[in-house]
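The listed protein sequences derive, respectively, from chains A and B. Residue 417 in our numbering is what sits at position 36 of the first sequence, and the numbering runs on without skipping anything. Residue 538 in our numbering is what sits at position 3 of the second sequence, and the numbering runs on without skipping anything. Where a beta carbon is used, it is the ideal one built from N, C-alpha and C, also for glycine. Fair warning: this is a prediction, and the values are worked out from it, not measured in the lab. Some notes on the structure that comes next.
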Amino acid sequence: MMKITIASGKGGTGKTMVATSLGISLAAFTPGRPPMFLDCDVEAPNAHLFLHPLLTEQQDVALLIPSVDEAKCTHCGKCAEVCQYHAITVLGKKTLVFPQLCHGCGSCTALCPEEAIREVPDRMGVIERGLATSGIAFARGMLDVGEPMAVPIIRQLKRWVYPAPGQVVLYDAPPGTSCPVVETVRGSDYLLLVTEPTPFGLHDLRLAVQVANELAISAGVIINRENGPYPAMDEFCANQNLPVVLRIPFERAIAEGVAQGKTLVEIHPEYITRFRQVFSQIAFTIEGKNRV
Amino acid sequence: MKIILTASSPSIDSNVDARFGRGAYLIVVDPDTLEWQAHPNPGVGASGGAGTLAAQFIANQHASSVISGDFGPNAYNALEATGVAMYLYGSSRTVNEASNTLRQDSSNALARQPARDTTRVGK
Numbered sequence: 382m383m384k385i386t387i388a389s390g391k392g393g394t395g396k397t398m399v400a401t402s403l404g405i406s407l408a409a410f411t412p413g414r415p416p417m418f419l420d421c422d423v424e425a426p427n428a429h430l431f432l433h434p435l436l437t438e439q440q441d442v443a444l445l446i447p448s449v450d451e452a453k454c455t456h457c458g459k460c461a462e463v464c465q466y467h468a469i470t471v472l473g474k475k476t477l478v479f480p481q482l483c484h485g486c487g488s489c490t491a492l493c494p495e496e497a498i499r500e501v502p503d504r505m506g507v508i509e510r511g512l513a514t515s516g517i518a519f520a521r522g523m524l525d526v527g528e529p530m531a532v533p534i535i536r537q538l539k540r541w542v543y544p545a546p547g548q549v550v551l552y553d554a555p556p557g558t559s560c561p562v563v564e565t566v567r568g569s570d571y572l573l574l575v576t577e578p579t580p581f582g583l584h585d586l587r588l589a590v591q592v593a594n595e596l597a598i599s600a601g602v603i604i605n606r607e608n609g610p611y612p613a614m615d616e617f618c619a620n621q622n623l624p625v626v627l628r629i630p631f632e633r634a635i636a637e638g639v640a641q642g643k644t645l646v647e648i649h650p651e652y653i654t655r656f657r658q659v660f661s662q663i664a665f666t667i668e669g670k671n672r673v
Numbered sequence: 536m537k538i539i540l541t542a543s544s545p546s547i548d549s550n551v552d553a554r555f556g557r558g559a560y561l562i563v564v565d566p567d568t569l570e571w572q573a574h575p576n577p578g579v580g581a582s583g584g585a586g587t588l589a590a591q592f593i594a595n596q597h598a599s600s601v602i603s604g605d606f607g608p609n610a611y612n613a614l615e616a617t618g619v620a621m622y623l624y625g626s627s628r629t630v631n632e633a634s635n636t637l638r639q640d641s642s643n644a645l646a647r648q649p650a651r652d653t654t655r656v657g658k
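This is the structure:
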């Protein structure tokens, strides 16, 4: 089992295009063992537009949040005092719970001296799975509209799937470098960072590399929409010992194809071989690390 | 009955801070004696739930009214549950001006915070 997360820092650099193209390329080279694909961008999942899964299974994601029995509550304020997220407050003779602030840690329930709190499930989204293009085992999470917390959905999505021994798992991460990205990347063997040769791309790549370093995960870079030299990006990668594993040119045909829902390997089939080479390089890095 | 205002510095002549949960200071004014006291807003440094934390402070002070620039959904729901009247400082600039305006004509001079949809906050 080999876990690869595709992330970027900056949004709109081509994470999903790269992740889906890599998935289809791996399926093409090992038809007996297609990869697993997890769309972890639960606030705006869109990998299904490229991989066309038939989502046959669904499961609600809920957090256990406190429910206060006002008959037993003495409004002592212990729950509000222990809540790190200020999700429960005692206001005079009322104890109020704020579900959108609650992280479901259970401290208030455990520490209530009157045992006036019980936990009730509060739905925040759904996880779905099914078979996609080329036999790829596809799964995704989707946060309900208006819900602010993506991490519990991602956590449950990652626990819900059981990769076969030797199966490659691709995690399509959300943009940015905040908690949902860290939750996606956690436990991965390799972080593939898709960037674009612009000051914005480089700025956010720096942040994403810090995440990789902090979590001690090997990383490599794909430069997308390359349009002439941008030495600052290459200098940064060289200084950080980050291999640039693929360069994708800025090209109208690619933009048009992606806008029509095609992956890069469907627009330019020669990329199947290139992605296979990218994968070999990643596998070599991971094996090298495991040997040490 | 006390009035509490959000303020950008710990003085009665400070500008009103437009933010409730993240406003720098909370100034407690006694409208009868005009005595006032500034407290650092407990919500300022919170990573989340600043509004509920500040609302808790307001409730603990037994204030009747609070004046700020806006009240977020969590703060709104908490203050609503406590029965604290929420006012917007409008064209008043300083804490002194705003509290005087409310004191002199509590029914009209300052606008009330419009009702918020709280279907998903505060059960």
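Inspect the beta-carbon positions of Gly568(A) and Lys384(A) and report whether they are closer than 8 Å. yes
Got a sec, what are the start and stop residues for the beta strand (DSSP E) Lys576(A) sits in? First, the residue type needs correcting, since residue 576(A) is Thr and not Lys in the sequence shown. Thr576(A) -> beta strand (DSSP E) spans 571 to 576.
Distance, Thr437(A) Cα to Lys396(A) Cα: 25 Å
Less than 6 Å between C-beta atoms, sequence neighbours within five positions excluded: which residues of the same chain meet that for Ser599(B)? Met536
According to DSSP, which residues form a beta bridge with Asp503(A)? Leu444(A)
Any beta carbon from chain B within less than 8 Å of Leu524(A)'s own beta carbon? no
What residue ranges within the region 623 to 650 of chain A form continuous beta strand (DSSP E) runs of no fewer than 3 residues, ordered along the chain? 625 to 630
Anything in chain B within Cβ reach of Thr470(A), meaning under 7 Å, just list it in chain order. Thr587, Ala590, Gln591, Ala613
Under the three-state DSSP convention, the category Thr541(B) falls into: strand
Give a yes or no on contact between the region 569 to 585 of chain B and the region 656 to 671 of chain A, applying the rule of three or more CB pairs nearer than 8 Å. no
Nearest residue (CA-CA) to Thr587(B), options Ala468(A), Pro426(A), Cys464(A), Leu627(A): Ala468(A)
Beta carbon proximity, Asn576(B) to chain A, threshold 8 Å: no
Name the one or two DSSP bridge partners that Leu477(A) has. Thr470(A)
Return the first residue and the last residue of the alpha helix (DSSP H) that Phe660(A) is part of. 652 to 672
For Pro566(B), does the three-state DSSP call read helix, strand or coil? coil
Per DSSP, cross-strand counterpart(s) of Met621(B): Val601(B)
Using beta-carbon positions only, say whether Gly511(A) and Arg414(A) come within less than 8 Å of one another. no
Range covered by the alpha helix (DSSP H) that runs through Met398(A): 396 to 410
Does the region 526 to 539 of chain A come within contact of the region 454 to 464 of chain A, defined as at least 3 CB pairs closer than 8 Å? no
For Gly557(A), report the span of its alpha helix (DSSP H) as first-last. From DSSP, Gly557(A) is part of no alpha helix (DSSP H); its letter is neither H nor E.
Is there a Cβ of chain B sitting closer than 8 Å to that of Gly547(A), yes or no? no
Against chain A, with Cβ distances strictly below 8 Å, would Gly584(B) count as a contact? yes
Leu645(B) - containing beta strand (DSSP E), residue span: Unbroken run through Leu645(B): none, as it is neither H nor E.
Report all residues from its chain with a CB closer than 8 Å to the CB of Gln648(B); omit the five preceding and five following residues, and keep chain order. Asp605, Phe606, Tyr611, Met621, Tyr622, Leu623
Burial state of Arg554(B), where buried means 16 or more other Cβ atoms lie within 10 Å: buried
Does any residue of chain A bring its CB to less than 8 Å from the CB of Ala594(B)? yes
Could you give the DSSP three-state label for Tyr543(A): helix, strand or coil? coil
Chain A contact residues for Asn550(B), given Cβ-Cβ distances below 7 Å: Neighbours of Asn550(B) on chain A: none; closest Cβ ~26 Å, over 7 Å.
Grouping DSSP H, G and I as helix and E and B as strand, with all else coil, what is Gln572(B)? strand
Quick check: the Cα distance between Lys475(A) and Thr617(B), rounded to an integer number of angstroms? 8 Å
Could you check if Arg628(A) is buried or exposed, using at least 16 other CB atoms within 10 Å of its CB as the buried criterion? exposed
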